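What follows is one structure encoded as structure tokens, with my remarks underneath.
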Amino acid sequence: MPDRASEVRLQEEFNRWAEEGRGEGMEEHHLPIVEPTLALMDLQPADCVLDVGCGSGWLVRRLAASVPGGQVVGIDVSDEMIRRAQLACAGIPNVKFLHGTAEQIPALADSFTKVLSVESAYYWPDPERGIGEIFRVLRPSGSAWILINYYRDNPYCHQWGVLYSIPTHLLSAAEWQERFSAAGFRPVSHRRIPDRSPSPEVYTGRWFRDADEMRRFKAEGALLVTGTKPTRP
Ligand SMILES: C[S@@+](CC[C@H](N)C(=O)[O-])C[C@H]1O[C@@H](n2cnc3c(N)ncnc32)[C@H](O)[C@@H]1O
């Protein structure tokens with residue numbers, strides 16, 4: 000269980016992101032890897048879905064449209080992200096946002112048929128506990144989907160480590176899978192989701208050395224780890 004200081008540090012960092020409008024900006028950046036993931040999730044109209052680390056709520060809004068007979072819940076450690084998500088989704092009946100952490104999900108056991116988390120898990124102070132919590136809140140035969148761009152097997156993201164102002168985990172696909180298995184998921188698998196969006200001719204940001212490195216990073220793709228909660232332990 001993470002200590003209170005780590006939680007406060009995360010909350011303050013992502014409240015800053017929210018105030019700078021970065022929550023809304025992530026839709027454009029993450030959609031090219033989220034769309035193929037949604038296709039794999041095979042959402043059903045009555046699914047109850049949890050988005051862990053939902054940020055400004057753009058994905059919760061999209062998910063809600065795919066599950067008109069179900070419900071979508073977004074949780075985030077940043078109360079400012081949650082406040083903005085609630086405003087942006089006001090009036091959508093099958094959506095709920097809660098302030099909370101992956102390590103202590105504010106939901107009863109067996110509440111969801113699918114749990115998704117996008118670009119959040121490597122920030123969790125205690126990923127093992129977060130994955131265990133996802134297992135707890137999933138119904139038997141429900142599935143978990145964790146999508147991340149920062150992982151050890153993609154050499155073109157390693158330079159990000161020094162750019163983050165909060166602690167992160169640079170784990171390999173095998174290490175993420177081990178954590179899923181240890182939580183009880185069976186079967187567990189992973190795959191790459193290449194980012195096929197167009198890249199600029201010239202890159203001037205701070206995350207890549209140049210446009211070529213950015214293209215290589217996108218071709219390697221994001222890591223999608225998935226697991227099912229068995230119907231019997
Ligand atoms: C890079 S943002 C991604 C947000 C959103 N999933 C998206 O794709 O736009 C990471 C999000 O994870 C949240 N987060 C980080 N650690 C968390 C934790 N332990 N529990 C819940 N949320 C967390 C942050 O507050 C932030 O909103």
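By numbering that gives the first Met the number 0, the letter at position 16 of the sequence shown is numbered 15, and the numbering carries on one by one without gaps. All residues carry an ideal CB built from backbone N, CA and C; glycine is no exception. As the structure is a computational prediction, the values presented were derived from the model and not from experiment.
Judged by the Cβ position, Pro1 qualifies as a neighbour of ligand 1 at the 8 Å threshold, a heavy atom of the ligand being closer than this. Taking 9 Å as the cut-off, the beta carbon of Trp16 is found no closer than this to the beta carbon of Ser116. If you draw a straight line from the Cα of Trp123 to the Cα of Ser5, it is about 9 Å long.
Annotation for Asn153: Phe216 and Glu219 place their beta carbon closer than 7 Å to its own, counting only its chain and skipping 5 residues before and after.
Here Ala181 is exposed, its C-beta having fewer than 16 other C-beta atoms within 10 Å.
In this structure, Ile130 has its CB at a distance of at least 8 Å from all heavy atoms of ligand 1. Counting along the chain, the unbroken beta strand (DSSP E) around Phe111 starts and ends at Phe111 to Val117. Listed as beta-bridge partners of Arg190 by DSSP are Leu223. In the three-state reduction of the DSSP assignment, Thr36 falls in the helix class. Using a Cβ distance threshold of 9 Å, Gly183 and Phe134 count as a contacting pair. Taking all protein chains shown into account, Ile165 has fewer than 16 neighbouring C-beta atoms within 10 Å of its C-beta and is therefore exposed.
Your pair Ala106 and Val72 checks out as a contact, with CB atoms roughly 7 Å apart and the cut at 8 Å. When the five nearest sequence neighbours on each side are left out, the beta carbons in the same chain lying within less than 7 Å of the beta carbon of Ser171 are those of Tyr150, Arg151 and Asp152, in order along the chain.
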